[in-house]
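Listed below in structure tokens is the structure:
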């Protein structure tokens, strides 16, 4: 079907829109597309990652909930809510170490933002390497707690919230200040991200072979528009540090719903210098 300016909008298929966009890019000679999975590109090392909790892929606040068996349907029903609480820690500027938490509510229970609840069966997606309690957790709702009084709130320091562990709380139960429900669409991104991180080997993480890498694309005005990021494992014989440029076989992007194969570092790209400041090397 030939498209004209008078073609009804319902007749313009997504494929047709893509063709029009590509034609416009070609006409202006300034549009780049993200590397496809399996293709090679140059990329810059952003971080050397030794802890899955630090990868920041997708929606890490949901990983513990998925690990506990929370389903997309429960998010659709508005039963998974986010919360936060603090543990006293003199090493922190505020005097508190903060934890974010997802809480699964029973069917039919609705709690407004600002409610304080007791939760049990706390768990993380993975143990912390140093044996401490990870910053992101998941728990199961037990009951609605009494909101802390002014004295309890003042003990938290300048940041508002509630204390995770209160003196009268049974062992294994935490108290959490709740926010709103988790949007259901986040489930698909978190599920794909969790698969990518589960595929990483502990030995590669410990050896500093797991990397976050990215590159920059430009669009019609020639400015930086999109910076795809990948999590990839470097070969055993290659030790890389932030800022270095590599040749990369593209794979599933971090932060996407793509469940395809992971990206793969092929070699150090010593002939390309990384730009300074916050800029990244161009894809390609």
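Residue numbers (our numbering): 1088 to 1371.
The beta-carbon is built from N, C-alpha and C at its ideal position, and this holds for glycine as well.
Status (buried if at least 16 other CB within 10 Å, exposed otherwise) for residue i
i	result
residue 1365	exposed
residue 1270	exposed
residue 1127	exposed
residue 1228	buried
residue 1320	buried
residue 1354	exposed
residue 1122	buried
residue 1064	Shown here, the chain extends from 1088 to 1371; a query on residue 1064 therefore has no answer.
For residue i, the nearest candidate out of the options (CA to CA)
i	options	result
residue 1196	1183, 1230, 1215 and 1217	1230
residue 1322	1224, 1297, 1313 and 1283	1297
residue 1292	1154, 1134 and 1280	1134
residue 1172	1328, 1331 and 1190	1190
residue 1283	1295, 1294 and 1299	1299
Reduced DSSP category for residue i - H, G, I as helix; E, B as strand; rest coil
i	result
residue 1113	Because the pLDDT at residue 1113 is just 42, under 50, the model does not fix this residue reliably, and the value given afterwards should be weighed accordingly. Residue 1113: helix per DSSP, three-state reduction.
residue 1275	helix
residue 1267	strand
residue 1292	helix
residue 1152	helix
residue 1139	helix
residue 1197	coil
residue 1242	Reliability of the predicted coordinates at residue 1242 is poor, the pLDDT of 43 falling under 50, and no value is obtained from them.
residue 1250	strand
residue 1284	helix
Beta bridge counterpart(s) of residue i as assigned by DSSP
i	result
residue 1261	1206
residue 1303	1369
residue 1351	1320 and 1336
residue 1184	1174
residue 1220	BP columns for residue 1220 are empty, so no partner.
residue 1189	1169 and 1225
residue 1359	According to DSSP, which records beta bridges pairwise, residue 1359 is partnered with nothing at all.
Where the alpha helix (DSSP H) containing residue i begins and where it ends
i	result
residue 1327	Unbroken run through residue 1327: none, as it is neither H nor E.
Residue range of the beta strand (DSSP E) that includes residue i
i	result
residue 1164	Premise fails: residue 1164 is in no beta strand (DSSP E) and is neither H nor E.
residue 1134	1127 to 1135
residue 1230	1223 to 1231
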